[in-house]
Amino acid sequence: MVASYAEAAQMAVASGEAQARQAAARLSRRAYSVRLRVTGSQTHSPVTCPERNSPGKHCKIYYRGSALGKAWKQKTVKLQFFTAEIEEEDICFWLSRHCESALYLNQTEWWASIKDRTKGFFQQAGKWQAFFHRRQHERLTRKLQALPRQAAVGWDVREDIREAKAQIGAWYREKARKKIFQEEHQQLEREWTLEEVKKTLQGFKNSKTPGLAGLPKEFYMIFWDLVGPNLLELFQE
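Numbering (the numbering used here), first residue to last: 300 to 536.
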């Protein structure tokens, strides 16, 4: 962790421009009038010049030498003035996001621009949706137009489709028949209870005999307290 701008300067000399910028940015988001000088006994003349990689922004370049125009070696450290850059980004952000209404004469113009942009967004989405639907319709049309040509050479497409559907349906039915979920398996494996036997008898219609004895449903319901336990033992066997 860099503790001072002096250490940042040393890092600039040792490691180069990229790490110097990162170190200075970690020190403070708003660095005012930061100047890094190359170590040495000679004087350094600051010259303001545009940043090559960032048009419109300026930085300080320190030249090793007493005056410009002499034969001197360019041994420089370039440091962006972060204050101007950060303030510019903050102003652009707040004007574009939170204070956009200040750019218009009144609220009516601002609201009209919002409606226009919203309308344009949905219109663009509708254009893409219409494009994909049109492509899908064209593919379907080509396939349908190919059916008469296939039928002319003796290929019955409809019969092939029916056979494929029958095979797929049979495969899924067989797969579903063999598959028993774990909950259903536990429910089927457990023993009968008195409530389940009584609920089964209640499902019969009146005057129907649930067994070979010829006794109707009403008999079992009336004398359930007596015959219920015996029926439960019969089901459990």
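Every residue gets a Cβ at the ideal spot worked out from N, C-alpha and C, and that includes glycine. From a predicted model like this one, the values you see are computed outputs, not experimental measurements.
*Rounded straight-line distance, which links the Cα of residue 418 to that of residue 429*: 16 Å
*If we ignore side chains and look at the alpha-carbon of each, how far apart do residue 530 and residue 496 end up?*
8 Å
*Compute the Euclidean distance between the alpha carbons of residue 533 and residue 526, then round it to the nearest angstrom.*
11 Å
*Given that a residue counts as buried once 16 or more other Cβ atoms are within 10 Å of its Cβ, and exposed if not, what is residue 519?*
buried
_So, with DSSP's three-state summary, where would you put residue 522?_
coil
*Integer-rounded CB distance, given that residue 466 should sit under 8 Å from residue 456*: Not confirmed; about 16 Å, so no contact.
*In chain order, each alpha helix (DSSP H) run of at least 4 residues that lies wholly inside the stretch 434-493*: 456-477, 481-488
_Whole angstroms are fine: how far does the CA of residue 431 sit from the CA of residue 425?_
10 Å
*residue 414, DSSP secondary structure in three states*: helix
_At the level of alpha carbons, what is the spacing between residue 522 and residue 504?_
17 Å
*asked:* At the level of alpha carbons, what is the spacing between residue 427 and residue 487?
replied: 54 Å
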